[in-house]
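Engineer: If you read the sequence shown in the numbering used here, its first letter stands for residue 3, the second for the next number, and so on. Even for Gly, the Cβ is constructed at its ideal location relative to N, Cα and C.
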Amino acid sequence: NGSISVEAAVDTESEADKMENIFMKIVDYLHRVNDHEAIMRRYAKRSEILDKLEADMKMSKMNSEESEKQIARLEERRKRD
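1) Roughly how many angstroms lie between the CA atoms of I28 and I51, to the nearest whole one?
2) Starting from the C-beta of K60, find all residues in its chain whose C-beta is less than 8 Å away, skip the five residues before and the five after it, and write them out in chain order.
3) Here's the rule: buried if 16 or more other CB atoms are within 10 angstroms of the residue's CB, otherwise exposed. What is N3?
4) On the three-state DSSP scale, how would you describe D83?
5) Measure the alpha-carbon distance for N65 versus D58 and round it to whole angstroms.
Structure (structure tokens):
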């Protein structure tokens, strides 16, 4: 019986911790929502990251197309030889 009450106390404490954690996340979220500049900075940064990713993908596509051309050239040479 004693061990059950100890476990119950631990459960209650962890539930309280969870509730406090959720509350802090809500407060943090509200602060961020009210900080319009921070939101704009975050979106600007996200936009920069997306632009960089897009550029990287284009480069990757160009590189793979170039590789395919080189492979095709090598195959042509093999056929000739």
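Structural biologist: Concretely, from the data shown:
1) Distance between the alpha carbons of I28 and I51 is about 27 Å.
2) For K60, where only same-chain residues beyond five positions count, there are no Cβ hits under 8 Å.
3) Only weak support is given to the placement of N3: the predicted model assigns it a pLDDT of 49, under 50, and the value that follows is read from those uncertain coordinates. Result: exposed.
4) In the three-state scheme derived from DSSP, where H, G and I count as helix and E and B as strand, D83 is classed as coil.
5) Spanning the two alpha carbons is a distance of roughly 10 Å.
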